[in-house]
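*Asks:*
Protein chains: 2
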Amino acid sequence: MVSFAWLSTKPRNVGVYYPNRILKGLDPWDGRGSKTRNPFAWIREALSSSEQDVISISGVDSAVYFVFLNTALGIFMLSGILLVPVLVPIAMTEKNPNVNDSNWKNAFEVLDKLSMAHLKEQSPRLWTYVIACYWVSLVSYILLWKAYNHVSDLRATALMPRELKHEQFAVLVRDIPPSSNGCSVKEQVNDYFKTIYPETFYKSLVVTENRKVNKIYDELEDFRKKFSQAESMYHDSKSHVKPEGVRQTLRTGLFGLVGRKVDSMAYYNDKIEELTPKLEAAQKSTVIEKQQGAAVVFFTSRVTAAAAAQSAHAQMIDTWTVMDAPEPKQILWTNLHKSYYERVIRQYVVYFIVLLIICFHMIPIGLISAMTTLPNLRRLAPFLNPILEHNAIRTVLGAYLPQLALMVFTALLPKFLLFLSKAEGIPSESHAERAAAGKYFYFSVLNVFIGGTIGGTLFDSLKDIEKHPKSTLDRLARSLPGNASFFVTFVALRFFVGYGLELSRIVPLIIFHLRRKYVCKTERDLVEAWLPGDLGYLTKIPNDMLILTITLCYSVIAPLILPFGAIYFGLGWLISRNQVLKVLVPKYESYGKMWPHMHVRILASLLLFQVTMLVYFGIKKFYYTPLIIPLPMFTLIFAFVCRKKFYRFFQSSALEVLVEHEWKDMPNMETIYKSFIPPGLHAENGPNERLDESV
Amino acid sequence: MVSFAWLSTKPRNVGVYYPNRILKGLDPWDGRGSKTRNPFAWIREALSSSEQDVISISGVDSAVYFVFLNTALGIFMLSGILLVPVLVPIAMTEKNPNVNDSNWKNAFEVLDKLSMAHLKEQSPRLWTYVIACYWVSLVSYILLWKAYNHVSDLRATALMPRELKHEQFAVLVRDIPPSSNGCSVKEQVNDYFKTIYPETFYKSLVVTENRKVNKIYDELEDFRKKFSQAESMYHDSKSHVKPEGVRQTLRTGLFGLVGRKVDSMAYYNDKIEELTPKLEAAQKSTVIEKQQGAAVVFFTSRVTAAAAAQSAHAQMIDTWTVMDAPEPKQILWTNLHKSYYERVIRQYVVYFIVLLIICFHMIPIGLISAMTTLPNLRRLAPFLNPILEHNAIRTVLGAYLPQLALMVFTALLPKFLLFLSKAEGIPSESHAERAAAGKYFYFSVLNVFIGGTIGGTLFDSLKDIEKHPKSTLDRLARSLPGNASFFVTFVALRFFVGYGLELSRIVPLIIFHLRRKYVCKTERDLVEAWLPGDLGYLTKIPNDMLILTITLCYSVIAPLILPFGAIYFGLGWLISRNQVLKVLVPKYESYGKMWPHMHVRILASLLLFQVTMLVYFGIKKFYYTPLIIPLPMFTLIFAFVCRKKFYRFFQSSALEVLVEHEWKDMPNMETIYKSFIPPGLHAENGPNERLDESV
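Chains W and R, in that order, give the protein sequences. Take the first sequence: its position 520, counted from the start at 1, is 534 in the numbering used here, and no numbers get skipped. Take the second sequence: its position 263, counted from the start at 1, is 277 in the numbering used here, and no numbers get skipped.
1. List, in order along the chain, the chain A residues whose C-beta lies closer than 7 Å to that of Lys-658(R)?
2. Once you ignore the five residues that flank Ser-116(R) on each side, which residues in its own chain have a CB closer than 7 Å to its CB?
3. So the candidates are Tyr-354(R), Ser-62(R), Leu-549(R), His-613(R); which of them puts its Cα closest to the Cα of Ser-154(R)?
4. Pull up the CB-CB distance for Val-185(R) and Ala-323(R), whole angstroms please, since I reckon it's below 8 Å.
5. Taking DSSP as the reference, what is the three-state secondary structure of Tyr-211(R)?
6. Which two residues bound the contiguous alpha helix (DSSP H) that contains Met-612(W)?
7. Thinking just about the alpha-carbon of each residue, which of Leu-431(R), Lys-601(R), Phe-183(R) is nearest to the one in Ile-686(R)?
8. Is there at least one Cβ from chain W nearer than 8 Å to His-132(R)'s Cβ?
9. Looking at Met-106(W): is its Cβ nearer than 8 Å to the Cβ of Lys-134(W)?
10. Strictly under 8 Å for the Cβ-Cβ distance: is Leu-669(R) near chain W by that measure?
11. If you drop the 5 nearest sequence neighbours on each side, which residues of the same chain put their C-beta closer than 7 Å to that of Gln-305(R)?
12. Looking only at its own chain, which residues have a Cβ that is under 7 Å from the Cβ of Ser-64(W), when we skip the five neighbours before and after it?
13. Please decide whether Ser-116(W) counts as near chain R, where near means a Cβ-Cβ distance under 8 Å.
14. Please check if any C-beta of chain W sits within less than 8 Å of the C-beta of Arg-176(R).
15. Mind pulling the chain W residues with CB within less than 9 Å of Arg-225(R)?
16. Starting from Ala-572(R), trace the alpha helix (DSSP H) both ways and give me its first and last residue.
17. Let's see if you can read the secondary structure: which residues bound the beta strand (DSSP E) around Arg-188(R)?
18. Identify, in the order they occur along the chain, each residue of the same chain with its Cβ nearer than 6 Å to the Cβ of Lys-635(R), setting aside the five sequence neighbours on each side.
19. In or out: Pro-441(W) buried (at least 16 other Cβ within 10 Å) or exposed?
20. Should Glu-245(W) and Gln-361(W) be called a contact, given that it needs their Cβ atoms to be closer than 8 Å?
21. Anything in chain W within Cβ reach of Gln-306(R), meaning under 9 Å, just list it in chain order.
22. If you draw a straight line from the C-alpha of Leu-669(R) to the C-alpha of Val-336(W), how long is it?
23. Are there 16 or more other CB atoms within 10 angstroms of the CB of Thr-503(W), so buried, or fewer, so exposed?
24. Ile-104(W): which of Val-599(W), Gly-452(W), Ala-572(W), Lys-658(W) sits nearest, CA to CA?
25. What is the rounded straight-line gap between the Cα of Lys-607(R) and the Cα of Ala-326(W)?
26. Do Ile-642(W) and Leu-158(W) have their beta-carbon atoms positioned less than 8 Å apart in this structure?
27. How should Leu-507(W) be labelled, buried or exposed, when 16 other C-beta atoms within 10 angstroms of its C-beta is the threshold for buried?
28. Could you tell me whether the segment 555-571 of chain W touches the segment 617-635 of chain W, using the rule of 3 or more Cβ pairs below 8 Å?
29. For chain R, check one thing: does any of its Cβ atoms lie closer than 8 Å to the Cβ of Thr-335(W)?
30. Is it the case that the segment 336-354 of chain W contacts the segment 336-354 of chain R, given that we only count it when at least three CB pairs across the two stretches are under 8 Å?
31. Report the neighbours of Leu-317(R) on chain W: residues whose CB is nearer than 7 Å to its CB, in chain order.
32. Excluding the 5 residues flanking Gly-584(R) on each side, which residues of the same chain have their C-beta closer than 7 Å to its C-beta?
33. With a threshold of 8 Å between beta carbons, is Lys-352(R) in contact with chain W?
34. Looking at Ala-296(W) and Ile-359(W), is the spacing between their C-beta atoms short of 8 Å?
35. How is the alpha helix (DSSP H) around Val-597(W) delimited, first residue to last?
36. Counting only beta-carbon separations shorter than 8 Å, does Arg-712(W) have a partner in chain R?
Here's what the structure looks like:
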């Protein structure tokens, strides 16, 4: 944080710390110079910013993420206010003859003394813990209900047609059946929708197989970029080296090392002029010959588009599937043409692979770890022997090789899950990211939390279990409070290290300065160098969810975890607010469709907490343990009611929302249509009539 | 059947045997006199009738019922052709040392000899039975797939706008939220839909609380009926008794026994004239003051109506629920205003009650049976003692009282289930009947089939089970073939008694002649006397399903049941065809929405069959029993695929179907609107402008 306060005042780093504001054309420091600025002003700014600011700067998805953080924070604060001052003294003052109070060795064991583990079996004090379970559940229900209502309103407000949203006029049509009378897909789509919607149908854009066009387009773009780089270097050289300028040269052969020496600018220009007609010809043939069985259909009315996306068009579900169109920039074009059955099969295959990964990911990691122990390394790779003779290297390798394998795996997993989700045939980036985040959540909860608790205990006492298999459950539950101290430190570590890195943006800062020094030549390159990503829901939400699950589960057993959880989400709120307002640029906008997923997962955590408590009360041989049984049932009913009440609106747009404050002016349909044309197919010079009129 | 052949040729019975044809204005015997008619011509006529005839005379629902019969018949015929000639000899020729072949006492035990029970444990001949299971399943899958496709096409053809269907222009709107600015529900509905569908919205009809109006209307109708009866008797007396006629008189007091003597026609006329303005006033106040939170909304376009019924209109699911309008005649008006949550809660309460009935219905019946044994009767009702002294009465009572209790229960149950289904808040008659039929199916399968098989066995051998609890499953499965002979007779009895009664219509014939003689005075009364009901899906389908389940489950164990099943469905087809073409008048048309329910239940029966076989092979200690395990999985996958592919179109109309052969003429919207006004609110004289214009 200190490094952030210092680094962010430097004008040279402005691109790293305020890219969002620069892109919006705002002054990074709100009109004040870097000198007069209080290094901790960002905290005040973050706190004083309203939800509306977030929505206007970063969109509804970010605002929904803050609702999530708020809710988690609220649950932990409200629970903590009651639980910490009540339960901790109750546990501390209990005289438990089975526990030897005198020899607390370290802080961890002091923590144990403050937790539920310190209570005697059948102690009447357990009553307070029952009430605490109800309190935590009640607080969660109320806050979640409020949050869902709030998010639903946020979504409704965002969907209202105050400003033009291109995707509201379009629907995605997939599974177009092969034409029977030999006409093109475009004719077929036009016919079909003109018959059903004679008044509001505008145009259709058939999805094409763009691989060839994209290849030429990318080449062309590459040459354009190089040309402008060469041009800018030439201009620089005019002022710095000599007035008439130094023209760059390059060799045309392999890697620019061999071949004829030519003038760069002229060479690139030639290439561009050569490729342009080629691109146009390729565009023409693609549009006509490579039509696929999917299309984007445009209507002149928002209501018709939304109603069409919710209606069955064909008798069989596997043809003419119509759905809401995502924003043009987040459409995964290559997924669109995949047929209904292909999608279903792909989905199940992916689910199966993910299941395998969750269950058996320890096997490959274990294998790598085993293989990379020093003796094995020596046997498998004898040529490394001279290196391994060094003591220092040996120590480092021995200690860190298994860790390294695990780290690489953990870093690559989210990307791999995203790749898998896209392979399911999902049509939009945001949807794929939601699907991948869900998979990652299951992975992290099952492995880090449950695997960490139960697995660890299992291996510790495998021999005992062999002798008394019935005591397994007892043993597991008994180990819960012991793990509590581990997880308290886990939560604390997360916010100290994770958030510090995120706020100070050390890694992007270093990369930015390196790129500025060695790579960047034009203004555009410079922007690319500091252009940040988005909030990264893919890893951020599952990680937050993991902390939430851990904190919830231990909230009653070891209430001291609650303040740590609250700090995690409080700090997270503060830092994410800064990032969202000043740094991050969202990649897409899904109008809060992430929320139902978060909601269900919070409820799953709550359920896990309640079941854990049920087991743990049973182990304490508390007579009134069945009093906990209604809680999981309440959670299931609550989840069911919320799903019934709210979920439909997150699947599709409600029609009443679309007509509120209806724009009376007709939007420019041609602009909307153009915005959906993929870049590779965009005409180079003026509007491309070929694309519109070709059938 | 003989009695039918004889009775149906009598001209006096024409109303009982050909009501359908008379209502359609057709000659009952196709132009031929009753004399020249072959008594068995109906069989030829039924066989030669096409599906189109059925649809045009009795609607899609009846045609779908025949598809069901066809499918069941097909499954049993195709299975029987292979299974009976192959499996029966295989079982017969097996030498099983454990079974004593010599002392077959009766036909039942001969049946056992032809069944799978006769095979030795681990006999290699069991391989044929495995193949038989696969054959039955395969035949079922193929025929069910074809049937679903066919029904889907039937539905599509019926929904195509060849003729005007009023309900296709309307949607049902429920859960209208209370108005915020004090305007009436009608204003609110009009506002809401005019904003969303500015071009296609036509009018709305708000549901009102009609109890008061209906009471007056019923009274008025009653007087009108009596007036026309008196009038017709007066006219009759003119020709029969004396030329100036005999005017009927009645007393105005209690039950027409005391009070002033008045002229009937004048009295009824006075009453009608007195009530008519009262009805009009009541209509006026009802329409304005008793509006409820539900409405029927009319659109000028089929596509808009269908799309609206499939779209979410409000942000929250519990307001502005929009769904397809059912036919006006089958709307359950009193259910419409029930709120979303009321419906949900009612549904679960009803499910719970049905569960209780299924599980514990034997308790009240058992209690009644126990109470009505003779010694108990004597103790409980000592005043009956003199009667009970008679030997004959004692015998009859002792034998039939418990049976009577069971019969009364079985007869009342479907009506009670229909009442429960309506209490769920379902908006249409057809939907309620589907729901009730589903409940009745579960009841009959669980009780008659599973209860009959397993329960009977359990009680028989309760002591053995106490000694060897682990042998229960063995014992249950061992009893399966024994029950087979019982179920074969069960199926045979069903078609001999049940279909005979249905075809000959003895009961309606007797009632008709009694009514004609003693009650009927006008032509209208006469029509009412012979007016038949509909096919009675409520009891017919669950009963057929029960036979299907029994036959499927025993198809491999005792293949001789297959011909009986085939005869049941074959005869059923023939007789129902006659009934549908000549007798029955459908109450409503749901365009085949019953089919998905039948389909799922056939698959449930198939699953039960496969699981039964799995257990039974296990008991025969057949090593390759796991070969059966894929079958239940195939069934589940098949059910899932069918649901995915076909079901959506049965939930709502596909838009493409609605535009095929689109009527170019605008329908008369006013007629459509009028057809939805409930009878109690119909204006007496000319079009009722009050209803249309009142807000």
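We put the CB at the ideal spot given by N, CA and C, even for glycine.
*Replies:* Taking the geometry as given:
1. Note that chain A does not occur in the displayed structure, where the protein chains are W and R.
2. Low confidence applies to Ser-116(R): its pLDDT is 49, below 50, so where it sits in the model is not reliable, and the reading given next is rough at best. Nothing meets the Cβ criterion.
3. The option with the nearest alpha carbon to Ser-154(R) is His-613(R).
4. Indeed, because the Cβ distance is near 5 Å, the residues count as touching under 8 Å.
5. Tyr-211(R) carries a coil assignment under DSSP once its states are collapsed to helix, strand and coil.
6. According to the DSSP assignment, Met-612(W) belongs to the alpha helix (DSSP H) that extends over 609-633.
7. Looking from the CA of Ile-686(R), the closest CA among Leu-431(R), Lys-601(R), Phe-183(R) belongs to Phe-183(R).
8. His-132(R) does not count as touching chain W.
9. Not in contact: Met-106(W) and Lys-134(W) (Cβ atoms no closer than 8 Å).
10. By this cut-off, Leu-669(R) is an interface position.
11. Closer than 7 Å at the Cβ level, and outside the excluded window around Gln-305(R), lie Ser-198, Val-199, Lys-200, Val-220, Thr-222.
12. Listed in chain order, the non-local C-beta contacts of Ser-64(W) below 7 Å within the same chain number zero, local neighbours out to five positions each way being set aside.
13. Residue confidence is low: Ser-116(W) scores 48 on pLDDT, short of 50, so the model does not pin down where it sits. No coordinate-derived value is stated.
14. Output row for Arg-176(R): interface = no.
15. Those do not exist, as Arg-225(R) stays about 31 Å from chain W at its closest Cβ, beyond 9 Å.
16. Unbroken run through Ala-572(R): none, as it is neither H nor E.
17. Element bounds for Arg-188(R): 184-188.
18. If you ignore the 5 residues before and after Lys-635(R), its C-beta comes within less than 6 Å of the C-beta of Glu-135, Gln-136, all in its own chain and listed in chain order.
19. The residue is buried, with at least 16 neighbouring Cβ atoms inside 10 Å.
20. Contact flag unset, no.
21. At a C-beta separation below 9 Å, Gln-306(R) has no neighbours in chain W, since its nearest C-beta there lies roughly 21 Å away.
22. Between the alpha carbons of Leu-669(R) and Val-336(W) lies a distance of about 11 Å.
23. Exposure of Thr-503(W) is indicated by the presence of fewer than 16 other C-beta atoms within 10 angstroms of its C-beta.
24. It is Ala-572(W).
25. Between Lys-607(R) and Ala-326(W), the C-alpha separation is close to 16 Å.
26. With a cutoff of 8 Å on beta-carbon distance, Leu-158(W) and Ile-642(W) are scored as not near each other.
27. So Leu-507(W) counts as exposed.
28. With contact defined as three or more Cβ pairs closer than 8 Å, the segment 555-571 of chain W and the segment 617-635 of chain W are in contact.
29. It does not: the Cβ of Thr-335(W) has no partner Cβ on chain R nearer than 8 Å.
30. Contact between the segment 336-354 of chain R and the segment 336-354 of chain W is absent, because fewer than three Cβ pairs lie under 8 Å.
31. Looking at the sequence provided, one finds Val at residue 317(R) rather than Leu. Residues of chain W passing the Cβ test: Ile-210.
32. Around Gly-584(R): Leu-87.
33. Judged by the 8 Å Cβ criterion, Lys-352(R) is not in contact with chain W.
34. No, the Cβ-Cβ distance between Ile-359(W) and Ala-296(W) is not below 8 Å.
35. It is not in any alpha helix (DSSP H) - Val-597(W) carries neither H nor E in the DSSP assignment.
36. Examination of residue 712(W) is not possible in this model, given that chain W is present from 15 through 709 alone.
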